[in-house]
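Report on the following structure.
In the working numbering, the protein residues as written are 3 to 253.
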């Protein structure tokens, strides 16, 4: 397994369809003591075949926690005033209590980036409509992958902080248009379906070569009025709808 595959397995979005229930993956004697100490039901414990390091995980649709092994000694290990198991159990309880009291920001705070978009979809009814776009963008920045264009379309036109306005970009448009770039690998979303681009050719080149890929850099342009959001970080990301992108070409 390559370093790239290990990174993807540990950091990319959780594929729920690949999770194997622990009752199917292991003998009862291997997982029952672990569940008892952790205070959980086996139905929320899984083997994750995509992960090389954290082979197991707790996932109840709202809270996620990875485990390298079903090691009860680690669960019993003290961390301050509590054991590791008690710390995890307290977090599970806290997150579900926050959900019941509709404290969606608290839940996001404790959400692993592998499941941020899974949790966002569940929380969306709790998030005021005027805050959904901002919440989505905050999650998008923290995540490696996991979103889809339908989710973006459903929230991105909502009210957003002024910091996400394209006018904040250091580069200025030419005749109203921005030149945008995208680094693509064989595993990337097809370029004519992608909504995540950058104002930086160098950043696009980085993503095209990421994970030892011999990728492609694309260039296109988009009118300033069609930019849905600009994220002013090192990636200089712009979010645009595919149908608003003009003149895509490989460079």
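Even for Gly, the Cβ is constructed at its ideal location relative to N, Cα and C. Everything numeric in this text was worked out from a predicted model, so none of it was measured.
Counting along the chain, the unbroken beta strand (DSSP E) around residue 223 starts and ends at 218-225.
Look at the beta carbons and you see the segment 174-185 touching the segment 206-215: at least three pairs across the two are nearer than 8 Å. Put simply, of 223, 62, 230 and 187 the residue whose alpha carbon is nearest the alpha carbon of residue 95 is 62. For residue 22, the number of other beta carbons within 10 angstroms of its own is below 16, and it is reported as exposed. The way I'd put it, the segment 8-21 doesn't touch the segment 221-228; fewer than three beta-carbon pairs between them come closer than 8 Å. Counted as a single uninterrupted DSSP element, the beta strand (DSSP E) harbouring residue 249 occupies residues 248-252. For the pair residue 56 and residue 48, the CB atoms are not nearer than the 8 Å cut-off. Contact between residue 155 and residue 118 is ruled out by a C-beta separation of about 18 Å, above the 8 Å threshold. In the DSSP assignment, residue 101 falls within the unbroken alpha helix (DSSP H) covering 86-102.
Using a Cβ distance threshold of 8 Å, residue 13 and residue 189 do not count as a contacting pair. Spanning the alpha carbons of residue 214 and residue 8 requires a straight line of approximately 13 Å. Around the beta carbon of residue 192, fewer than 16 other beta carbons sit within 10 angstroms, so the residue counts as exposed. Membership of residue 200 in the beta strand (DSSP E) is indicated by the continuous run 198-200.
When secondary structure is reduced to three states using DSSP, residue 240 falls in the strand class. DSSP lists 85 as the beta-bridge partner residues of residue 80. In the DSSP assignment, residue 33 falls within the unbroken alpha helix (DSSP H) covering 30-40.
Taken in chain order, the unbroken stretches of alpha helix (DSSP H) that lie wholly in the segment 110-147 and span 4 residues or more are 118-125 and 134-144. Within a 10 Å sphere around the beta-carbon of residue 239 sit 16 or more other beta-carbons, which makes this residue buried. In this structure residue 217 is buried. Its beta-carbon is surrounded by 16 or more other beta-carbon atoms within 10 angstroms. Residue nearest to residue 28 within the set 99, 104 and 58 is 58 (criterion: CA-CA distance). Under DSSP, the beta-bridge partners assigned to residue 60 are 47 and 67.
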